[in-house]
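Take any residue in the sequence shown, count from 1 to its spot, add 718: that is its number in our numbering. Where a beta carbon is used, it is the ideal one built from N, C-alpha and C, also for glycine. Since the structure is predicted, the reported quantities are computational estimates derived from the model, not experimental observations. One structure is given below, encoded as structure tokens.
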Amino acid sequence: MNNLQKNIKNVMIVFLLLFIALISYISYSTLFKSEIALESVYNKRNQAEKSRVLRGTIYDRDMNPLTRGEKTGEFSQTRKYVGGVAFSHVVGYNDAKYGASGIEKKFDKELSGQSVNSIKDIFSNKKDDNKVGNHVVTTLNSKLQQRAFEVLGNRKGSIVALNPKTGEVLAMVSKPSFDANTIQEDFEKLSQQEDTPFLNRAVSGLYPPGSTFKVITAISALENMSDITNRTFNDEGKISFNESEYLENYKGYAYGSIGLRTAFLKSSNVVFGTLAMELGNDNLKATSEKFFFNKDIPSETLTIDNSIFPKYKSDEVGNIAQSGIGQSGVLASPIEMALVASTIANNGVMMEPNVVKEIISPEGKVVKSYEQKEAATVTTPENAALLKEYMKAVVNEGTGQAAKLWNVQV
719 MNNLQKNIKN
729 VMIVFLLLFI
739 ALISYISYST
749 LFKSEIALES
759 VYNKRNQAEK
769 SRVLRGTIYD
779 RDMNPLTRGE
789 KTGEFSQTRK
799 YVGGVAFSHV
809 VGYNDAKYGA
819 SGIEKKFDKE
829 LSGQSVNSIK
839 DIFSNKKDDN
849 KVGNHVVTTL
859 NSKLQQRAFE
869 VLGNRKGSIV
879 ALNPKTGEVL
889 AMVSKPSFDA
899 NTIQEDFEKL
909 SQQEDTPFLN
919 RAVSGLYPPG
929 STFKVITAIS
939 ALENMSDITN
949 RTFNDEGKIS
959 FNESEYLENY
969 KGYAYGSIGL
979 RTAFLKSSNV
989 VFGTLAMELG
999 NDNLKATSEK
1009 FFFNKDIPSE
1019 TLTIDNSIFP
1029 KYKSDEVGNI
1039 AQSGIGQSGV
1049 LASPIEMALV
1059 ASTIANNGVM
1069 MEPNVVKEII
1079 SPEGKVVKSY
1089 EQKEAATVTT
1099 PENAALLKEY
1109 MKAVVNEGTG
1119 QAAKLWNVQV
């Protein structure tokens, strides 16, 4: 009898523990996982409830619509992407089956009219009286966006244009692109293509930055090496690390006795590889991290993959030298390098990149404005002014003369 009572007690304890565990799991899921469940494309009720509300319009900076929507029933609507394929990555797509991307994804709650208390609203029987979501006004300049898309041609890559003073994204294109209007017909086929047309290369593509990284190496030299602007380097066209490893200039050109300015104008791999070796991995890595390599670039409106500057041992001289010219394991997104250039243009201050100006209600009232914010003071105004002069000289006198325009000072 005692054994029976003991066994019953043990069973009751087990059931009690299981009940507590179940309640804990339900509470945890409600508090921390409910938003994920609600946003899932597999949540049919949520998708139906969203369709009750006509999705808000996405505009360019001049209030030209980039999307248009029309209700076709209580739980259905159409959405057209009138900006065209030039905007496909930055605006993105929204589809009940394939999910969302770009601004459509980042600002889904605003566009679909979901409140902060969306969990309670969705699972209640209350209908939305508003029936129209909020609108998103971007910082994009449509003419510049279209022109950037045309200039990129059939090449795989990205173009990003920023306002250095504000951080506003004026243009952001990526190729290959896709047509957001035919996402249901094309998604499966495009998802399997090797050239990854759904990848927004501007923020998620990571590539060796090459000579554009010499801006960071030059800043690191100015900050860590005394009297570097008066130093003379002997550029013989090539430096060797051992019998099999070496670094050479483009086409092996030897520039002889040159200073830092000329080395920058000529894009001397020898000089900037030498600077990287003398700076050492720690100093160059620290400077790159001031520019937000290896870190999240702060932005309320964009999700940006981290650019990478590797850690090398002191005896990896070849890799250290190569890192000074943006090679070896150095990888950067196009928007990262646009921010590097913008930081120099903005006297050493990096602004947070921003692709959305404001959220406005269906009645035209500003619901939220995205203020201009400083991400960091990266270098001194004096260093920035010097690099600004070097960069201008590259276009007017150096290796970047192909970018010179007769009617524009670059």
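If I'm right that G885 touches M1055 with Cβ under 8 Å, what's the distance once you round it to whole angstroms? So it is not a contact: roughly 15 Å between Cβ atoms.
Going by the DSSP bridge assignment, what does M1069 pair with across the sheet? Beta-bridge pairing links M1069 to E1092.
Flag this pair as touching only if the segment 790-809 and the segment 994-1001 have three or more C-beta atom pairs under 8 Å; answer yes or no. Touching, no, given that fewer than three Cβ pairs across the two stretches are closer than 8 Å.
The alpha helix (DSSP H) that contains T935, what's its start and end? It spans 932-942 - the alpha helix (DSSP H) in which T935 sits, taken as one unbroken run.
Whole angstroms is fine: what's the gap from A1050's alpha carbon to P927's? Near 6 Å, if we compare the C-alpha coordinates of P927 and A1050.
Look at the alpha carbon of L917 and the alpha carbon of S944, and state the distance between them as a whole number of angstroms. Each residue's alpha carbon lies about 43 Å from the other.
Applying the criterion that 16 or more other CB atoms from any shown protein chain within 10 Å of the CB defines a buried residue, is R873 buried or exposed? R873 comes out exposed.
Is S975 near T950, with beta carbons less than 7 Å apart? Cβ distance < 7 Å, so S975 and T950 count as in contact.
Who are H807's beta bridge partners in DSSP? Beta-bridge pairing links H807 to no other residue.
Helix, strand or coil for V1126? Go by DSSP, reduced to three states. Under the three-state reduction of DSSP, V1126 is assigned to strand.
What first and last residue would you give for the alpha helix (DSSP H) that runs through F867? Unbroken alpha helix (DSSP H) run through F867: 860-870.
Should V1058 be labelled buried (16 or more other beta-carbon atoms within 10 Å of its own) or exposed? Looking at its Cβ environment, which holds 16 or more other Cβ atoms inside 10 Å, V1058 is buried.
Under the three-state DSSP convention, the category I738 falls into: In the structure shown, I738 sits in a helix (DSSP, three-state: H, G or I).
Relative to the alpha-carbon of S1017, which residue among E912, V921, I741 has its alpha-carbon at the smallest distance? A check of alpha carbon separations from S1017 across E912, V921, I741 identifies V921 as the nearest.
Short CB-CB distance (under 7 Å) between V854 and chain B: Absence of chain B from the displayed structure is noted, only one protein chain being present.
Buried or exposed (CB count within 10 angstroms, at least 16 for buried), E822: The residue in question, E822, is buried, as its Cβ has 16 or more Cβ neighbours within 10 Å.
For V1035 and F959, which I take to be in contact (beta-carbon distance under 8 Å), what is that distance rounded to the nearest angstrom? Contact holds; Cβ gap of about 5 Å.
Let's see if you can read the secondary structure: which residues bound the beta strand (DSSP E) around K956? It spans 956-958 - the beta strand (DSSP E) in which K956 sits, taken as one unbroken run.
Sort I1043, N1024, V808 by Cα distance to K1013 and report the nearest one. With distances taken between Cα atoms, K1013 lies closest to N1024.
Just list the residues that DSSP pairs A879 with in beta bridges. In DSSP, A879 forms a bridge with A889.
Mark Y964 as exposed unless 16 or more other C-beta atoms lie within 10 angstroms of its C-beta, in which case mark it buried. Exposed is the call here.
Tell whether a beta-carbon distance below 7 Å holds between A889 and S806. Their beta carbons are not under 7 Å apart, which means A889 does not touch S806 by this criterion.
With the cut-off set at 7 Å, would you say G991 and I1043 are in Cβ contact? In this structure, G991 lies near I1043, with their beta-carbon atoms less than 7 Å apart.
Can you look up Y1108 in the DSSP assignment and give me helix, strand or coil? Of the three classes helix, strand and coil, the one that applies to Y1108 here is helix, per DSSP.
Exposed unless 16 or more other CB atoms sit within 10 angstroms - verdict on Q902: Per the 10 Å Cβ criterion, exposed.
Helix, strand or coil at L1020 [DSSP, three-state]: If DSSP states are grouped into helix, strand and coil, L1020 belongs with coil.
Taking the Cβ atom as the reference point for each residue, do R773 and G787 lie within a distance shorter than 7 Å? Their beta carbons are under 7 Å apart, which means R773 touches G787 by this criterion.
For the segment 969-989 against the segment 1098-1115, do three or more pairs of beta-carbon atoms, one drawn from each stretch, fall closer than 8 Å, so that the two count as touching? Because the criterion of three Cβ pairs below 8 Å is met, the segment 969-989 and the segment 1098-1115 touch.
Which of helix, strand or coil DSSP assigns to N952: N952 falls in the strand class under three-state DSSP.
Span of the alpha helix (DSSP H) around E903: In the DSSP assignment, E903 falls within the alpha helix (DSSP H) that extends over 901-909.
Would M995 and I1038 be called neighbours here (beta carbons separated by less than 7 Å)? Yes, the pair counts as a contact, with Cβ atoms nearer than the cut-off.
Buried or exposed (CB count within 10 angstroms, at least 16 for buried), L1123: By the neighbour-count criterion, in which 16 or more other beta carbons inside 10 Å mark a residue as buried, L1123 falls on the exposed side.
So, helix, strand or coil for I821, using DSSP? Annotated three-state conformation of I821 is helix, per DSSP.
By the 10 Å Cβ neighbour count, where 16 or more other Cβ atoms means buried, how is S794 classified, buried or exposed? In summary, S794 is exposed, with fewer than 16 beta-carbon neighbours lying within 10 Å of its beta-carbon over all protein chains present.
N-terminal and C-terminal residue of the beta strand (DSSP E) that I1078 is part of: According to the DSSP assignment, I1078 belongs to the beta strand (DSSP E) that extends over 1074-1078.
Complete beta strand (DSSP E) runs within the segment 961-1027 (minimum length 3 residues, chain order): If we require 3 residues or more, the beta strand (DSSP E) runs fully inside the segment 961-1027 come out as 964-966, 974-976.
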